[in-house]
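Participant:
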Amino acid sequence: MEFYRGLSPGTVNILRTAKIADARKTLVSIPPKTLDSSWNMINNRFFGRRRPAPPRPIPPGQYLEDGFPVLSAGPTPPVDTATWEFTIHGPGGNGNDSGTETLGSWDWSALNALPQTELHTDLHCVTKWSKLDTDWRGVTIDTLFEDAGIARPGGFVMAFCDGGYTTNLPVEDIVDGKGLLVHTYDGEPLAPEHGGPVRLLVPHLYLWKSAKWVRGLKLMEQDSPGFWEGYGYHMYGDPWREQRYTND
Amino acid sequence: MAAATGPGAGPGRTTDWQIATVESVHAESPRVKLFRLKLPAGQKFSAGQYYDIRLTAPDGYQAQRSYSISSSPEKPGVIELVIELIPGGEVSSYFHEAVVPGERIELRGPIGGHFTWTPNYIEPLLLVAGGSGIAPLMSIIRRRATLDSSPRMLFMFSVRTEHDILFRQELERMAHEDADFDLTITLTRAVPEGWTGETRRIDAQMIDTAFDAATGKTRLREAGTGTPEAAKAAPNPVGQPFGRAYICGGTGFVESIASYLLETGMDYDDIRTERFGP
Chain A
1 MEFYRGLSPG
11 TVNILRTAKI
21 ADARKTLVSI
31 PPKTLDSSWN
41 MINNRFFGRR
51 RPAPPRPIPP
61 GQYLEDGFPV
71 LSAGPTPPVD
81 TATWEFTIHG
91 PGGNGNDSGT
101 ETLGSWDWSA
111 LNALPQTELH
121 TDLHCVTKWS
131 KLDTDWRGVT
141 IDTLFEDAGI
151 ARPGGFVMAF
161 CDGGYTTNLP
171 VEDIVDGKGL
181 LVHTYDGEPL
191 APEHGGPVRL
201 LVPHLYLWKS
211 AKWVRGLKLM
221 EQDSPGFWEG
231 YGYHMYGDPW
241 REQRYTND
Chain B
1 MAAATGPGAG
11 PGRTTDWQIA
21 TVESVHAESP
31 RVKLFRLKLP
41 AGQKFSAGQY
51 YDIRLTAPDG
61 YQAQRSYSIS
71 SSPEKPGVIE
81 LVIELIPGGE
91 VSSYFHEAVV
101 PGERIELRGP
111 IGGHFTWTPN
121 YIEPLLLVAG
131 GSGIAPLMSI
141 IRRRATLDSS
151 PRMLFMFSVR
161 TEHDILFRQE
171 LERMAHEDAD
181 FDLTITLTRA
191 VPEGWTGETR
201 RIDAQMIDTA
211 FDAATGKTRL
221 REAGTGTPEA
231 AKAAPNPVGQ
241 PFGRAYICGG
251 TGFVESIASY
261 LLETGMDYDD
271 IRTERFGP
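Chain order of the listed sequences is A and B.
Residue numbers for the first sequence follow this note's numbering, so the first one is 1 and each next one is one higher.
Residue numbers for the second sequence follow this note's numbering, so the first one is 1 and each next one is one higher.
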């Protein structure tokens with residue numbers, strides 16, 4: 001037996017109100033954010049696992065994951081820190097890095113010589129899992145801009161990577177400590193399958209924005225879709241607004 | 001990796017939530033059930049795509065998971081989903097224990113545009129699945145089987161025991177009737193008496209053997225020109241009989257096979273992966 005919004009609206013509305021009020025009284029472990037989510041129908045025999053209850057709210061549609069799943073569109077590319085280099089390119093040109101001015105570049109030792117930042121944060125993957133309390137170490141994008149003498153740009157960036165992956169981000173979402181190049185996870189060198197030696201970390205957006213095996217940023221005046229964005233994933237990807245796909 | 005216009009993109013609004021009806025439930029193995037769902041609007045999809053499922057409890061608690069479509073896009077409007085019972089899995093256990101024909105399920109899709117195959121790609125295909133990772137590959141296998149002229153295909157399927165060989169009859173019949181479809185099944189745990197297939201995890205040697213067999217039937221493809229320098233520099237030891245590889249399974253499984261295919265000289269962009277599990 002199921003209830004539908006639209007089939008008999010009066011009944012459903014009463015049910016929703018009553019059930020939510022009831023739930024708020026008796027199931028305090030349910031984050032309010034979950035109750036705010038919309039739905040079209042109810043699966044009457046579904047109760048969910050709900051263990052462990054999140055210690056704090058997680059974004060709508062997400063579940064807690066203790067492990068660290070790996071989601072990549074292709075193989076893990078072999079990356080050698082001896083030849084690794086990270087570059088920031090100016091706007092213009094057609095490709096990820098073609099025909100554009102190089103505004104800054106760092107090899108492995110130069111990156112490690114910059115001031116390092118530690119970040120304790122939660123991760124939210126568009127494939128529905130969230131992982132809480134992860135510890136990272138790396139260099140903020142602010143530090144890179146400062147080191148290269150780049151005045152804080154406006155607009156957007158395209159992150160590009162070994163293997164050809166790309167993803168687009170507004171500049172304002174990677175500055176003020178919100179975006180880092182990370183090389184250390186939980187005190188250990190970042191494993192290749194998780195994006196090592198260096199990945200981008202922008203934890204307030206879905207994890208596909210935190211590009212693995214990142215090799216550079218290209219400044220863009222206009223927003224432009226990266227790899228997954230071109231396949232119908234959201235251009236911005238805010239997990240708290242559940243921006244998974246284009247029209248969300 | 002060239003970006004493309006995926007079916008989830010644009011004004012189609014395939015990502016609106018809608019309500020499908022369960023047509024049938026079939027126990028395909030001790031841990032896997034197949035669910036056929038009738039979609040309200042008969043949306044088309046590409047082989048390899050998936051749907052998001054959303055369950056809502058009476059008190060408003062919700063859970064979402066993604067499940068790949070295993071049916072062929074030739075039959076739009078009805079999709080088959082492969083759902084493995086995960087211990088402690090709230091969505092999979094609901095499907096296995098509570099969902100019966102007639103049940104309505106909220107979903108949206110189809111989603112995904114990289115791990116897909118359409119018949120305009122005509123190069124020989126290598127498909128590798130671990131366990132329920134067969135789901136999106138089965139859609140590709142079935143789509144190919146509907147064509148008059150279809151590319152050569154090798155499907156390597158790794159499962160724990162004989163009982164876990166999903167779609168066994170269909171696959172074995174296809175391998176028997178179609179000279180261009182080769183099937184390798186390997187059992188990684190219990191091996192029954194009389195089993196003549198492989199009996200270990202898929203490794204470099206098993207892939208080499210399969211490549212050698214396939215190379216005899218297919219023109220050699222030139223060594224890889226993929227992005228990673230190591231793949232470029234490596235000699236091509238076994239020839240490259242396949243234009244593209246699709247690998248789906250657990251993380252370790254996919255990592256090891258994808259890495260080996262890079263070593264054999266396959267282009268980075270030609271190796272498409274889908275991973276599951278922590």
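From the three backbone atoms N, C-alpha and C, an ideal C-beta is built for every residue, glycine too.
Quick caveat: nothing in here was measured; it's all calculated off a predicted structure.
Along chain B, in chain order, which residues have C-beta atoms closer than 7 Å to that of L71 of chain A?
Facilitator: Translated into positions along the first sequence, residue 71 of chain A becomes position 71. R275, listed in chain order.
Participant: Do three or more CB pairs link the region 154-166 of chain A to the region 123-130 of chain A at distances below 8 Å?
Facilitator: no
Participant: Flag this pair as yes or no: are the beta carbons of M220 of chain A and P91 of chain A separated by less than 7 Å?
Facilitator: Taking the first residue of the first sequence as position 1, residue 220 of chain A is located at position 220. Taking the first residue of the first sequence as position 1, residue 91 of chain A is located at position 91. Cβ distance < 7 Å, so M220 of chain A and P91 of chain A count as in contact.
Participant: Does any residue of chain B have a CB that is nearer than 7 Å to the CB of K128 of chain A?
Facilitator: Locating residue 128 of chain A in the first sequence gives position 128, counting from the first residue. Closer than 7 Å: yes.
Participant: Using the rule of at least 16 other Cβ atoms within 10 Å of the residue's Cβ for burial, across every protein chain shown, is A41 of chain B buried or exposed?
Facilitator: Position 41 of the second sequence holds residue 41 of chain B. That one is exposed.
Participant: Can you check the region 57-131 of chain A for any alpha helix (DSSP H) of at least 4 residues that lies completely inside it and give the ranges in chain order?
Facilitator: 108-113
Participant: Return no unless some Cβ of chain A is closer than 7 Å to the Cβ of A63 of chain B.
Facilitator: Within the second sequence, residue 63 of chain B is the residue found at index 63, counting from 1. Taking Cβ atoms only, chain A reaches closer than 7 Å to A63 of chain B, which makes this a yes.
Participant: Mapping DSSP to helix, strand and coil, what is A204 of chain B?
Facilitator: As a position in the second sequence, residue 204 of chain B is number 204, starting the count at 1. Note: A204 of chain B maps to helix in three-state DSSP.
Participant: Given a threshold of 16 other Cβ atoms within 10 Å of its Cβ, counted over all protein chains shown, does V159 of chain B qualify as buried or as exposed?
Facilitator: Within the second sequence, residue 159 of chain B is the residue found at index 159, counting from 1. Result: buried.
Participant: In the DSSP assignment, find the unbroken beta strand (DSSP E) run with P136 of chain B in it and report its ends.
Facilitator: Residue numbering aside, residue 136 of chain B sits at position 136 when the second sequence is read from its first letter. First-last for P136 of chain B: 134-145, but that is the alpha helix (DSSP H), not the beta strand (DSSP E).
Participant: Comparing alpha-carbon positions, which option in B:E274, B:G113, B:W117 lies nearest I141 of chain B?
Facilitator: Sequence index remark: in the second sequence, residue 141 of chain B carries index 141 (1-based). The shortest Cα separation from I141 of chain B among B:E274, B:G113, B:W117 belongs to B:W117.
Participant: Could you list which residues in chain A have their beta carbon closer than 7 Å to that of L262 of chain B, in chain order?
Facilitator: Mapped onto the second sequence, residue 262 of chain B falls at position 262. Result: P75.
Participant: Could you please give the first and the last residue of the uninterrupted beta strand (DSSP E) stretch that includes S66 of chain B?
Facilitator: Numbered from 1 along the second sequence, position 66 holds the residue referred to as residue 66 of chain B. That run of the beta strand (DSSP E) goes 62-68.
Participant: For the pair the region 129-139 of chain B and the region 154-170 of chain B, tell me if three or more CB-CB distances fall below 8 Å.
Facilitator: yes
Participant: Give the list of continuous beta strand (DSSP E) stretches no shorter than 3 residues that lie fully inside the region 155-181 of chain A.
Facilitator: Segments of the beta strand (DSSP E) lying fully in the region 155-181 of chain A: 156-161, 166-170.
Participant: Can you name, in chain order, every residue of its own chain whose Cβ lies under 6 Å from the Cβ of L261 of chain B, other than the five neighbours on each side?
Facilitator: Here residue 261 of chain B corresponds to residue number 261 of the second sequence, with the count starting at 1. Cβ neighbours of L261 of chain B beyond the five flanking positions: A245, I271.
Participant: Taking CB distances under 7 Å as the criterion, tell me whether P32 of chain A reaches chain B.
Facilitator: Position 32 of the first sequence, counting from 1, holds the residue named residue 32 of chain A. With a pLDDT of only 36 at P32 of chain A, under the threshold of 50, the placement of this residue in the model should not be trusted; the figure read from the coordinates follows. Closer than 7 Å: no.
Participant: Name the chain A residues that come within less than 8 Å of T251 of chain B, Cβ to Cβ?
Facilitator: Taking the first residue of the second sequence as 1, we reach residue 251 of chain B at position 251. The contacting residues are P69, V70, E193.
Participant: Measure from the C-beta of A230 of chain B to each C-beta in chain A and report whether the shortest distance is under 7 Å.
Facilitator: As a working mapping, residue 230 of chain B is identified with position 230 in the second sequence. At A230 of chain B the pLDDT is 43, less than 50, meaning the model places this residue with poor confidence and gives no usable figure here.
Participant: Using the C-alpha atoms, what's the distance from T21 of chain B back to M174 of chain B?
Facilitator: Position 174 of the second sequence, counted from the first residue, corresponds to residue 174 of chain B. Position 21 of the second sequence, counted from the first residue, corresponds to residue 21 of chain B. Going from the Cα of M174 of chain B to the Cα of T21 of chain B covers about 30 Å.
Participant: W106 of chain A and T184 of chain A look like a contact to me (Cβ under 8 Å); what is the Cβ gap, rounded to whole Å?
Facilitator: Residue 106 of chain A sits at position 106 when you count from the first residue of the first sequence. Residue 184 of chain A sits at position 184 when you count from the first residue of the first sequence. No, W106 of chain A and T184 of chain A are not in contact; Cβ-Cβ is about 16 Å, not under 8 Å.
Participant: Spell out the partners DSSP gives D135 of chain A in its beta bridges.
Facilitator: Against the first sequence, residue 135 of chain A aligns to sequence position 135. Beta-bridge annotation (DSSP): D135 of chain A is paired with A:H120.
Participant: Quick one: residues in its chain with C-beta nearer than 8 Å to the C-beta of T186 of chain B, no 5 flanking neighbours on either side, listed in chain order?
Facilitator: In the second sequence, residue 186 of chain B corresponds to position 186, counting from 1. M156, F157, S158, V159, G197, E198, T199, R200, R201, I202, M206.
Participant: Kindly say whether A98 of chain B, judged by its beta-carbon, lies nearer than 7 Å to any beta-carbon of chain A.
Facilitator: Taking the first residue of the second sequence as position 1, residue 98 of chain B is located at position 98. Judged by the 7 Å Cβ criterion, A98 of chain B is in contact with chain A.
Participant: For G249 of chain B, which residues does DSSP report across the bridge?
Facilitator: Taking the first residue of the second sequence as position 1, residue 249 of chain B is located at position 249. Paired residues: B:R275.
Participant: Using only alpha-carbon positions, find the residue among B:D182, B:I53, B:L127, B:D212 that is nearest to A47 of chain B.
Facilitator: To locate residue 47 of chain B, count along the second sequence from 1; it is residue 47. The option with the nearest alpha carbon to A47 of chain B is B:L127.
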